[in-house]
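Chains Z and U, in that order, give the protein sequences.
Just so we're aligned, residue 1 is where the first sequence starts under my numbering, counting upward by one.
Just so we're aligned, residue 295 is where the second sequence starts under my numbering, counting upward by one.
Yeah, the Cβ is synthetic: ideal placement off N, Cα and C, and Gly gets one too.
All remarks here apply to the structure that follows.
Protein chains: 2
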Amino acid sequence: MGWTEGFIAVDWGTTNRRAYQIDAQGKPGDEFEDHKGVLSVQSGGFPDAVAEIRQRLGGLPLLLAGMIGSNRGWKEAPYVACPAGIEELVKGLVWAGDREAIVPGVSYIGNGRADVMRGEEVQLLGAVADGSVDPMGMVCHPGTHNKWATLRHGKIEEFRTVMTGELFSLLRDHSILSDLLQGKVEANEAFKDGASLALNDAALPADLFGVRARVLLGQAKKEDAASYASGLLIGTDVRIGLSIPTGAQIHVVGRPDLTRLYAAAITQAGRTAVELDGEKCFLSGAREIAKRIS
Amino acid sequence: MGWTEGFIAVDWGTTNRRAYQIDAQGKPGDEFEDHKGVLSVQSGGFPDAVAEIRQRLGGLPLLLAGMIGSNRGWKEAPYVACPAGIEELVKGLVWAGDREAIVPGVSYIGNGRADVMRGEEVQLLGAVADGSVDPMGMVCHPGTHNKWATLRHGKIEEFRTVMTGELFSLLRDHSILSDLLQGKVEANEAFKDGASLALNDAALPADLFGVRARVLLGQAKKEDAASYASGLLIGTDVRIGLSIPTGAQIHVVGRPDLTRLYAAAITQAGRTAVELDGEKCFLSGAREIAKRIS
Numbered sequence: 001m002g003w004t005e006g007f008i009a010v011d012w013g014t015t016n017r018r019a020y021q022i023d024a025q026g027k028p029g030d031e032f033e034d035h036k037g038v039l040s041v042q043s044g045g046f047p048d049a050v051a052e053i054r055q056r057l058g059g060l061p062l063l064l065a066g067m068i069g070s071n072r073g074w075k076e077a078p079y080v081a082c083p084a085g086i087e088e089l090v091k092g093l094v095w096a097g098d099r100e101a102i103v104p105g106v107s108y109i110g111n112g113r114a115d116v117m118r119g120e121e122v123q124l125l126g127a128v129a130d131g132s133v134d135p136m137g138m139v140c141h142p143g144t145h146n147k148w149a150t151l152r153h154g155k156i157e158e159f160r161t162v163m164t165g166e167l168f169s170l171l172r173d174h175s176i177l178s179d180l181l182q183g184k185v186e187a188n189e190a191f192k193d194g195a196s197l198a199l200n201d202a203a204l205p206a207d208l209f210g211v212r213a214r215v216l217l218g219q220a221k222k223e224d225a226a227s228y229a230s231g232l233l234i235g236t237d238v239r240i241g242l243s244i245p246t247g248a249q250i251h252v253v254g255r256p257d258l259t260r261l262y263a264a265a266i267t268q269a270g271r272t273a274v275e276l277d278g279e280k281c282f283l284s285g286a287r288e289i290a291k292r293i294s
Numbered sequence: 295m296g297w298t299e300g301f302i303a304v305d306w307g308t309t310n311r312r313a314y315q316i317d318a319q320g321k322p323g324d325e326f327e328d329h330k331g332v333l334s335v336q337s338g339g340f341p342d343a344v345a346e347i348r349q350r351l352g353g354l355p356l357l358l359a360g361m362i363g364s365n366r367g368w369k370e371a372p373y374v375a376c377p378a379g380i381e382e383l384v385k386g387l388v389w390a391g392d393r394e395a396i397v398p399g400v401s402y403i404g405n406g407r408a409d410v411m412r413g414e415e416v417q418l419l420g421a422v423a424d425g426s427v428d429p430m431g432m433v434c435h436p437g438t439h440n441k442w443a444t445l446r447h448g449k450i451e452e453f454r455t456v457m458t459g460e461l462f463s464l465l466r467d468h469s470i471l472s473d474l475l476q477g478k479v480e481a482n483e484a485f486k487d488g489a490s491l492a493l494n495d496a497a498l499p500a501d502l503f504g505v506r507a508r509v510l511l512g513q514a515k516k517e518d519a520a521s522y523a524s525g526l527l528i529g530t531d532v533r534i535g536l537s538i539p540t541g542a543q544i545h546v547v548g549r550p551d552l553t554r555l556y557a558a559a560i561t562q563a564g565r566t567a568v569e570l571d572g573e574k575c576f577l578s579g580a581r582e583i584a585k586r587i588s
C-alpha cells in the first residue's frame with residue numbers, strides 16, 4: 001500500500017507554499033517554502049508550478065493540501081462533511097494527474113452554523129494519528145482564520161472558525177489604529193490586560209476603539225498598543241472557542257509564535273494549553289494519507 | 295450676546311466637510327458639502343481652506359466642529375471631560391482667529407475605559423437643546439465610529455464608541471469577504487437574521503467568517519451577504535450599547551440611511567427607536583453654542 005518510493009507533501013495556501021520531501025520510510029528530507037501561493041499562480045499555470053516543485057525535490061508523487069483544492073486552485077476538491085477523519089480525506093482525494101492527489105477540505109453544517117476549512121484538517125488529524133492529541137480532545141489552530149475543532153473517536157466532529165488573524169491584519173494595515181499596531185506583539189502584561197478584558201467583556205468592536213482612546217487620553221502607552229489589541233482579539237477568540245463544551249486541556253497546533261499567544265490566553269481562561277508545532281503535525285497527517293493510497 | 299450678524303457652522307470631519315450659513319435670526323441659508331476633509335488639507339493650508347468657505351457663504355464668523363480640532367486639524371482643541379453640556383463646550387472653545395472658534399471634543403474616563411468623540415457632541419447636545427431628546431435619555435449616533443451616549447440633566451454623562459462603520463468598510467474593501475459585501479445593505483430579512491444572531495450570540499469574529507461559509511455551502515444567497523454582515527455588525531453594536539442601563543426609548547441621531555438600520559436592530563432588541571436627522575441636530579447645537587459667544 002501507499003506510494004512506496006516516497007512522496008512530496010505540499011501545504012499550498014493562499015499566499016505561501018511549503019513543500020517537503022518524504023522518503024520511502026516516511027522520513028522528511030529536503031524542503032522549501034516560497035511565496036507562490038494559489039493567488040499568485042495564473043489560471044492554467046499550475047502544471048508549471050508543480051513541475052517546479054519536482055525540479056527542486058525530485059520526481060516523486062505529490063500530495064497537495066490547502067487552497068490548492070479550492071475553486072481558485074488547480075482542481076477543486078469538494079469539502080468532506082464532518083465527522084471527518086483520515087479515511088474520509090482519503091476517500092475525498094481528487095486526482096489532478098496520475099501521481100498528483102489533492103486533499104479535500106472539511107465542512108460543517110449544524111447548530112444553525114456553516115463552516116469550512118482547507119489545509120488545517122491535515123494538521124489536526126495528523127496530530128491525532130501520531131498520538132500528540134487525544135482522539136476525544138479539542139484542538140485550536142491559530143492562523144489567518146483560527147479553527148477550534150472538537151474530535152470524537154479521532155475524527156473532526158465539529159469546528160468553528162474565528163477570523164482573528166485577518167482582523168488583526170486589517171486593523172494594522174488599513175484602520176484608524178494602523179499607526180498604533182506596527183509594534184511587535186508579545187505575550188506580555190499589555191497582551192494579558194487585553195485578553196483579560198476580552199475573556200470577560202464581549203464587546204470587541206468597542207474595546208478596539210479603546211486602544212486608540214486609551215493612548216490619546218494618557219491611559220496606556222503607545223508601545224503597548226499592538227500587544228494589547230492582539231490580546232483583545234485573541235481573548236475574544238478564546239472566549240468563543242471555550243464556549244464549546246470541552247475538557248480542561250486544549251492542544252494548540254500551528255506556528256510557534258502564534259501558539260504561544262493562544263496558550264497564554266487559554267491559560268488565563270483557566271484551562272491547560274499544550275503547544276504543538278503545526279509543521280510536524282502536517283507531516284504526520286500527510287504520511288497517514290499517503291500510506292492509504294493504493 | 296452671540297454673533298449678532300449670523301455665522302457659518304462647519305462640521306469638518308476626516309474626509310468631508312459640510313458648511314451652513316446661519317442668519318442673525320438663527321435660520322439656515324446656503325450650504326455646501328465637499329471632500330476637503332482634514333486629511334486632505336496640507337499643514338498650513340487651513341487659512342486658505344477657511345477663506346474658501348467664506349468666499350462661498352459670506353464673510354461671517356465661523357464655528358468649526360469635528361476633526362478640525364484634532365492634532366491633525368487647524369488648531370487642537372483639547373477634549374472636555376464628561377459630564378459635558380453646551381456650557382462646557384463653550385468654555386472649551388479654542389480660537390484660531392478673532393472670528394474663528396473651534397469646538398472641543400469630549401472625553402470619558404471611567405469604569406476601566408477611556409473614550410473620545412469629536413463632532414458628535416454638537417449633534418447630541420443640539421438634540422437636547424431643541425427638545426428632540428430627553429435630557430435624561432440615551433442617544434445612539436451611527437457613523438464610522440458609532441457612539442452610545444447617556445445624558446444626565448442635559449449633559450453627556452458617559453459614552454461608548456463602537457467602530458462598526460469602520461469594520462464594515464475594512465471587511466468590504468480589504469478582506470476575504472470583500473466580493474460578498476459589495477451589494478446594497480438594507481434592513482431586510484437577511485439583515486434581521488444577522489442582527490438576531492449577533493444580539494444573542496457574542497461571537498462576531500466567528501459569525502463574520504460564517505458569512506462566507508454559508509454561501510460556499512449553499513446555506514445563504516450571495517446577494518444577501520452584505521445585509522446579513524451589516525446585521526451582524528450592527529446587532530453586535532446594539533447588544534453592546536444596550537448593556538448600558540437605560541430606559542426603553544433610544545434616540546438615533548445621524549444620516550437617515552444609517553439611523554434606519556440601527557432603528558431596525560434596536561426594535562429587534564425590544565426597545566423603541568426614535569430616528570433624528572443628524573444635520574438638523576448639528577444646526578441646533580451650533581446655534582446653542584453661537585448664542586453664548588460674547
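Could you list which residues in chain Z have their beta carbon closer than 9 Å to that of residue i, in chain order?
i      : result
U/D531 : P205, A206
U/F453 : Within chain Z, no residue comes near U/F453; the closest Cβ sits about 11 Å away, beyond 9 Å.
U/A484 : By Cβ distance, chain Z contributes nothing, its closest Cβ being about 14 Å from U/A484, past 9 Å.
Relative to the C-alpha of residue i, which candidate in the options has its C-alpha closest?
i      : options                        : result
Z/A213 : U/L536, U/A375, U/G459, U/G572 : U/A375
Z/I234 : Z/F209, Z/R260, Z/K222         : Z/R260
U/I347 : U/E394, U/Q319, U/D571         : U/E394
U/Y556 : U/V384, U/P436, U/I583, U/E381 : U/P436
U/D531 : U/V304, U/V388, U/N440         : U/N440
Z/I109 : Z/G285, Z/Q55, Z/G154, Z/F159  : Z/F159
U/T438 : U/T455, U/D424, U/H447         : U/T455
U/A567 : U/E573, U/A584, U/A542         : U/A542
Z/L217 : U/I380, U/V410, U/W389         : U/V410
Z/I266 : Z/A198, Z/A203, Z/A290         : Z/A198
Z/P300 : Z/A203, Z/G85, Z/D193          : Absent from the model: residue 300 of chain Z. The displayed extent of chain Z is 1 to 294, so no value can be given.
Z/K27  : Z/K36, Z/G44, Z/A9             : Z/A9
Z/N16  : Z/K36, Z/D23, Z/G231           : Z/K36
Using DSSP with H/G/I as helix, E/B as strand and the rest coil, what is residue i?
i      : result
U/V335 : coil
U/R348 : helix
U/N405 : coil
U/I544 : strand
Z/N188 : coil
U/T308 : coil
U/D317 : coil
U/G363 : helix
Z/V122 : helix
U/K585 : coil
Z/T259 : helix
Z/V103 : coil
U/C376 : coil
Z/K155 : strand
U/V427 : coil
Z/R271 : coil
U/L356 : strand
Z/E223 : helix
Strictly below 7 Å CB to CB, what residues from chain Z border residue i?
i      : result
U/I403 : L217, Q219
U/I470 : E166
U/I534 : A203, A206
U/L387 : Chain Z residues near U/L387: none, gap ~20 Å exceeds 7 Å.
For my contact list, residue i and residue j are in at a C-beta cut-off of 8 Å; report their separation, rounded to the angstrom.
i      : j      : result
U/A313 : U/E325 : 6 Å
U/G505 : U/A523 : Checking the displayed sequence, the identity of residue 505 of chain U turns out to be Val instead of Gly. About 5 Å; that satisfies the 8 Å criterion.
Z/V122 : Z/F282 : 6 Å
Z/G163 : U/L502 : For the record, residue 163 of chain Z in the displayed sequence is Met; it is not Gly. About 6 Å separates the two Cβ atoms, so the contact holds.
U/L464 : Z/S178 : U/L464 to Z/S178, Cβ: 11 Å. No contact.
Z/G58  : Z/V38  : Between Z/V38 and Z/G58 the Cβ distance is about 23 Å, and since that is not below 8 Å, they are no contact.
Z/G285 : Z/G126 : 3 Å
Z/A114 : Z/G92  : With a Cβ gap of about 18 Å, Z/A114 and Z/G92 do not count as contacting.
U/L461 : U/A520 : That belief does not hold up - the Cβ atoms of U/L461 and U/A520 are roughly 14 Å apart, past 8 Å.
What residues from chain U crowd round residue i, counting only those whose CB sits closer than 7 Å?
i      : result
Z/R255 : Within 7 Å Cβ-Cβ: nothing; Z/R255 doesn't reach chain U, min ~19 Å.
Z/L232 : Near Z/L232 there are no residues of chain U at all, since even the closest Cβ is about 11 Å away, more than 7 Å.
Z/R214 : A408
Z/A202 : A496
At 8 Å on the CB atoms, spell out the chain U contacts of residue i, in chain order.
i      : result
Z/F209 : D409, H439, T455, V456, M457
List the residues of chain Z that residue i touches, going by C-beta distances under 8 Å, in chain order.
i      : result
U/L357 : Correct list: empty, because the minimum Cβ distance to chain Z is about 23 Å.
Quiz prompt | Contact between the region 238-245 of chain Z and the region 137-156 of chain Z (3+ Cβ pairs under 8 Å) | solution = Three or more beta-carbon pairs separated by less than 8 Å link the region 238-245 of chain Z to the region 137-156 of chain Z, which places the two stretches in contact.
Quiz item: Does the region 64-84 of chain Z come close enough to the region 251-258 of chain Z to have 3 or more Cβ pairs within less than 8 Å?
Solution: The region 64-84 of chain Z makes no contact with the region 251-258 of chain Z: fewer than 3 CB pairs, one atom from each, lie closer than 8 Å.
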